[in-house]
Amino acid sequence: MTITPASVRAAVLEQTERTRRCSKAEIERIIEKSELEIISLESQIDTLINLRDSQRACVLALKYIVSPIRTLPVELLSEIFDLAIEDPTHVEDAHRISQICSDWRQVAHSTPRLWSRPVRVDLDNEEDVVDGWRAWMARSTPLPVDISLIPGHTSDASILEIVLEVAPRWRSLQVEDEDGTVPLWMVRQLSECRLDSLEELSLGIIVYNYANPTPILFTNVPRLRKLGLFNPDFPTEIDLPWTQLTDLTLHSRMLDATFEVLAQCPNLISASLNVLGWSALPDVGPNIPVLFNQLRSLHLFFSVELAPFDYLSTPALQELHLDSFGTRWTEAHLTAFQLRAPDITSLEFSDSFSLTSDNLVAAIRNSPSLMHLKLRVSKYCFTDDFIRALCYEDGLTPLAPCLRHLAVESKKSFSEDVLAGMIASRWWTDTELASFVAPPAVARWTRVELTIQPHLSQHFVDVLKDIPSDVLVYILVE
């Protein structure tokens, strides 16, 4: 029974009537007797509660014994744990599973793959996390681990020591502070580790208090294939096994430093080069242009002229992404480069403000195998003239006959009818295709993505309503 104001008032009335003829001493004896009775009742209640809790524990234990999940093999339970853990929250998820019960904790702690997903280690963490990281690294043994190391301003030597102890198990390592930098002393310390499993390495902008001429030698990296380096023109020499690299991301302020690195990387399959400054181009010699027989994907960001194209030869290139912010466009350099790369199937142009529609048509014409075209260009490039050039007409030699995927992000400076007509000219239903005596001279769209500002009109949408929504996609932006 819950005590309420009404129940208290009723009790007062009842006891007033009961003790009307009692003396104060008699009332005090009644109080004492009632208090003893309360103590007795509470004792009985405690006994009953303990008995109830004991029975509850028995029921839970019996349910656990007969539960289907208890009969699962440990291997299957581990697999369920792995599937239940989401990548964005895998640290919290792994710990949460470990707290369900002692049996689950034992299974989780003995399943290394639950503890081997990518982790971000902040060496500037003010909380006491040393024991936590030591346990985490121990549970991931013997699997390779992916580490993102944040140096901070006051790196905790204890945490760094724990991370360095598992250096032979690093599969990938990214080292940079919140501002994108990494101290020289840390790079040197990392280079002295045994990195037997390291396949990917990304170093931020190396900063230093004084120039140290002693080279930094990464000699114990037999499996390194992917490298990200932000200032190869750094005054201290960094020696890496360049010839074994297949994937390179390079950010540099100097062209000569960029090409000095490239000349040592003949086996690249993918490269992303970001050159923000200017220096003299290397002299023409036996290694210029630099030949990449295996390069399939190339992303170039130049804030200088396109002359560096003259120094690259990529006969197997399939994907080219050109990000030429602030670059004065010179068509001849790109044309000559494309003639040395006849099998390009994917072109992407970003922030190319000096790129004209004529330049774009020429670039597409020089890649006859083009299947994917992505444009993030100015309104002076994506014009009616360019759109008409892509329009397919029977009897005329088409531009980009293999093109099937088009993605455009641009401001509206064209006629919607011209764009709708071009898209419709390269689309047929299955029934229409089956009825043709000979197939069209161009490929049918598999996907067209339009991000146009201001938004395209409802009339435009209605004209192309017969094209499936998974093929023609409108991406709205605020």
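If you want the working numbering, it's the position in the sequence shown, counting the first as 1, plus 58.
Glycine residues also receive a C-beta, built at the ideal position from the N, C-alpha and C atoms.
Beta-carbon spacing of residue i, residue j below 8 Å
{"i": "A420", "j": "E451", "result": "no"}
{"i": "H463", "j": "T509", "result": "no"}
{"i": "L256", "j": "L285", "result": "no"}
{"i": "S471", "j": "L433", "result": "no"}
{"i": "V506", "j": "V531", "result": "yes"}
{"i": "L454", "j": "A447", "result": "no"}
{"i": "E474", "j": "S515", "result": "yes"}
{"i": "D182", "j": "H211", "result": "yes"}
{"i": "R402", "j": "L428", "result": "Inspection of the sequence shows that residue 402 is occupied by Ile rather than by Arg. Yes, these two residues count as a Cβ contact at 8 Å."}
{"i": "I205", "j": "V177", "result": "yes"}
{"i": "P280", "j": "T301", "result": "no"}
{"i": "M480", "j": "I525", "result": "no"}
{"i": "L253", "j": "V233", "result": "no"}
{"i": "L231", "j": "I264", "result": "no"}
{"i": "R114", "j": "Y122", "result": "no"}
{"i": "I217", "j": "V179", "result": "yes"}
{"i": "V521", "j": "A478", "result": "yes"}
{"i": "C459", "j": "A501", "result": "Checking the displayed sequence, the identity of residue 459 turns out to be Pro instead of Cys. Yes, these two residues count as a Cβ contact at 8 Å."}
{"i": "I89", "j": "T77", "result": "no"}
{"i": "I158", "j": "D151", "result": "no"}
Pick from the options that is closest to residue i, judged by C-alpha positions
{"i": "S168", "options": "F139, V124 and W228", "result": "F139"}
{"i": "S425", "options": "F444, F395, D443 and T414", "result": "F395"}
{"i": "E236", "options": "E250, G262 and I220", "result": "G262"}
{"i": "V221", "options": "E234, D475, L248 and V240", "result": "L248"}
{"i": "P347", "options": "F367, F359 and A329", "result": "F367"}
{"i": "A315", "options": "I327, I296 and Q302", "result": "I296"}
{"i": "R163", "options": "L141, S136, A215 and S213", "result": "S136"}
{"i": "T199", "options": "A496, I445, C460 and A166", "result": "A166"}
{"i": "A465", "options": "T129, D443 and S408", "result": "S408"}
{"i": "A228", "options": "E258, M244, S216 and V245", "result": "Correcting the residue type first, residue 228 is Trp in the shown sequence and not Ala. Measuring from the Cα of W228, the nearest candidate turns out to be E258."}
{"i": "R311", "options": "F288, T277 and Q322", "result": "F288"}
{"i": "V535", "options": "Q511, A215 and S160", "result": "Q511"}
{"i": "E406", "options": "A68, L461 and A152", "result": "L461"}
{"i": "H153", "options": "G190, R87 and E133", "result": "G190"}
{"i": "M195", "options": "D161, V149, I264 and S160", "result": "V149"}
{"i": "T393", "options": "A69, E75, E318 and R423", "result": "R423"}
{"i": "A193", "options": "A215, S213 and E223", "result": "E223"}
{"i": "S328", "options": "D305, H517 and T277", "result": "D305"}
{"i": "H379", "options": "P400, S404 and H513", "result": "S404"}
{"i": "S92", "options": "A64, L397, F317 and Q73", "result": "Q73"}
{"i": "A499", "options": "L109, F276, E318 and C449", "result": "C449"}
{"i": "L130", "options": "Q102, D161 and C116", "result": "D161"}
{"i": "S260", "options": "E490, G238 and Y266", "result": "G238"}
Cβ-Cβ separation, residue j to residue i (assumed contact under 8 Å), whole Å
{"i": "P202", "j": "S156", "result": "Wrong, their Cβ atoms sit about 22 Å apart, outside the cutoff."}
{"i": "V240", "j": "P209", "result": "6 Å"}
{"i": "L320", "j": "V333", "result": "Rounded, the Cβ-Cβ distance is 11 Å, inconsistent with contact."}
{"i": "H357", "j": "S382", "result": "Rounded, the Cβ-Cβ distance is 11 Å, inconsistent with contact."}
{"i": "L546", "j": "P271", "result": "Residue numbering for the chain in the displayed model covers 59 to 536; residue 546 lies beyond these limits and cannot be assessed."}
{"i": "R197", "j": "P226", "result": "That pair is no contact at about 17 Å."}
{"i": "W387", "j": "L413", "result": "5 Å"}
The ligand SAM heavy atom lying under 7 Å from the CB of residue i
{"i": "T169", "result": "Ligands are entirely absent from the displayed structure, and the ligand SAM is therefore not among its contents."}
CB contact check: residue i to chain B, cutoff 8 Å
{"i": "R175", "result": "Although the question refers to chain B, the structure presented lacks it and comprises just one protein chain."}
Discussion item. Count Cβ pairs between the segment 433 to 441 and the segment 480 to 487 that sit closer than 8 Å; are there 3 or more?
Written reply: no
Practice prompt. Output the residue ranges of the beta strand (DSSP E) runs that lie fully inside the segment 415 to 498 and measure 3 residues or longer, sorted by chain position.
Written response: 430 to 434 and 463 to 469
Worksheet item: Are the segment 351 to 359 and the segment 369 to 380 touching by the rule of at least three beta carbon pairs closer than 8 Å?
Response: yes
Fill in: Ordered list of alpha helix (DSSP H) runs contained in the segment 177 to 209, each at least 4 residues
188 to 198
Fill in: Ordered list of alpha helix (DSSP H) runs contained in the segment 349 to 413, each at least 4 residues
389 to 397
Worksheet item: Where in the segment 141 to 175 do unbroken runs of the alpha helix (DSSP H), each at least 4 residues long, occur, reported from the N-terminal end onward?
Response: 148 to 156 and 160 to 167
Practice prompt. Just list the beta strand (DSSP E) runs in the segment 94 to 124, keeping only unbroken ones of 3 residues or longer that don't cross its boundaries, in chain order.
Written response: none
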